[in-house]
Amino acid sequence: MQYTSPSATAASESEHGPAHRLDTHGSDAGAPGWDAINHALNRVYPRQSPWHSSAPAGDAAPLPGISAYKRITPLPHWHFVTYGFSELFDKRSDDAEISGYGFELTFRLANPDDADEPPRWALNFLQNLARYVFESGHGFHAGHYLSAGGPIAADSDSAIRALAFVHDPELAPIDSGNGRVEFLQIVGLTNEEEFALKRWSTLKVLEVFHDYLPLWITDLERGSLLADPEIAARLAGGSAREGSSVGTIYADHVDWEQRKRLLRAPTTVLSLSARQVGELLALLPLRLPFGNAFGVVGPERRAVFEPAVRGNEAEVADGALHLRLDERAVRSLVSRLRAQAGIYEVDGFAALQVQVR
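Numbering (the working numbering), first residue to last: 215 to 571.
Laid out in structure tokens, this is it:
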């Protein structure tokens with residue numbers, strides 16, 4: 215599943231209390247969720263007190279706390295863990311089995327300079343992800359991904375500009391006393407790597423990447439893994455065998471109209487914005503030939519491309535335009551459509567025109 219959060223990169227430093235070294239892993243009484251997270255971390259870090267950033271009373275930061283543990287192996291990095299997506303204190307949600315959103319986020323960031331304190335931008339970054347979740351109501355799950363709309367480290371030129379979510383390899387799900395909590399780790403990706411997720415399967419692509427990203431550590435200095443011919447070939451082979459797992463993309467403009475013709479089926483004109491044409495051209499051949507539909511969802515309307523059963527046809531049903539295309543029509547659409555303004559026709563489907571704005 216994809217989310218887009220352009221504001222996930224920048225925040226002012228005043229949004230968080232100062233980071234400081236904790237003398238104990240304990241918390242105030244009456245915080246069973248907080249204590250359960252601490253207990254899980256104690257098993258991984260039995261002899262280390264973390265750096266901890268806490269939000270002062272009345273502060274606008276969504277998360278009450280973030281801890282950071284300094285690691286040496288398998289390469290120097292910081293291991294961040296959030297407090298606040300789950301229910302830390304009283305149980306308030308109706309679902310007795312799940313605590314809050316059911317997860318806390320973790321993030322492993324390379325520390326090549328062996329710095330003694332975690333970078334401030336990473337705390338801001340995690341707080342902005344929390345703000346996105348709390349304001350949108352959309353939680354994360356393993357296999358989700360999103361675009362950060364720019365470098366995840368504000369004021370940098372890093373190629374890491376997208377995120378995916380996996381289960382933290384060292385922190386198993388816990389019963390917090392307020393319900394189940396799993397630890398979802400953020401994996402920083404380049405834009406090219408994010409697009410590779412769309413062309414195949416998020417978790418399968420990440421499985422290929424795992425050999426090159428120990429413990430899913432994010433390194434802001436690295437380039438795209440697809441520059442390695444072996445990795446690129448493995449991903450291309452997976453897409454060719456199985457197609458894409460992405461069934462929907464979101465567009466800033468989707469519209470259509472059906473124009474009546476004398477004694478003939480009406481002409482259907484589908485209108486799209488140029489910004490989404492690239493994704494459509496890349497993913498449509500990885501969906502319909504594999505027997506899977508592909509949807510383009512706009513602010514008010516949506517279009518669904520489906521494999522043709524009885525020939526090419528257009529039908530409006532359930533508030534959506536359903537376009538059923540055979541193999542010839544798919545090939546024609548992909549070969550002709552461009553991300554520039556114009557009206558494009560489709561071989562074998564004379565009653566369809568695609569208008570690009």
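Quick reminder that beta carbons are idealized off the backbone N, C-alpha and C, glycines included.
Query raised in the report: What's the C-alpha gap between P276 and L337?
Result: 12 Å
Query - Between the CA atoms of V568 and L486 - distance to the nearest angstrom - result: 7 Å
Query raised in the report: Buried or exposed: A564, going by 16 or more other Cβ atoms within 10 Å of its Cβ?
Result: exposed
Query raised in the report: Just the Cα atoms here: how many angstroms apart are E396 and A274?
Result: 25 Å
Requested in this report: Helix, strand or coil for D242, going by three-state DSSP, please let me know.
Outcome: Caution is warranted here: a pLDDT of 49 is assigned to D242, below 50, making its placement in the model unreliable, and the coordinate value is therefore given only provisionally. Looking at D242 - three-state DSSP - the assignment turns out to be coil, as it is neither helix nor strand.
Requested in this report: With a threshold of 16 other CB atoms inside 10 Å of the CB of V468, please say whether the residue is buried or exposed.
Outcome: buried
Query - Uninterrupted alpha helix (DSSP H) stretches inside the region 444 to 532 (no shorter than 4 residues) - result: 491 to 497
Query - Identity of the residue in D425, F409, A479 nearest G492 by Cα - result: F409
Requested in this report: With DSSP as the reference, label A555 as helix, strand or coil.
Outcome: coil
Query raised in the report: How is T296 classed by DSSP in three states: helix, strand or coil?
Result: strand
Query raised in the report: For S263, does the count of other Cβ atoms within 10 angstroms reach 16, so buried, or fall short, so exposed?
Result: exposed
**Report entry** Own chain, CB closer than 7 Å to A373, minus 5 neighbours either side, in chain order
**Finding:** T404, G437, S438
**Report entry** Pairwise C-alpha distance: A528 and G172
**Finding:** Because residue 172 is not part of the residues shown, which for the chain are 215 to 571, the question remains open.
Query raised in the report: Under the three-state reduction of DSSP, which class applies to H253: helix, strand or coil?
Result: helix
Requested in this report: Enumerate in chain order the residues of its own chain whose CB-to-CB distance from V548 is below 8 Å, with the five nearest sequence positions on each side excluded.
Outcome: L495, L498, P499
**Report entry** Own chain residues within Cβ distance below 6 Å of D587, not counting five before or after
**Finding:** In the structure as shown, the chain begins at 215 and stops at 571. Residue 587 is therefore absent and cannot be evaluated.
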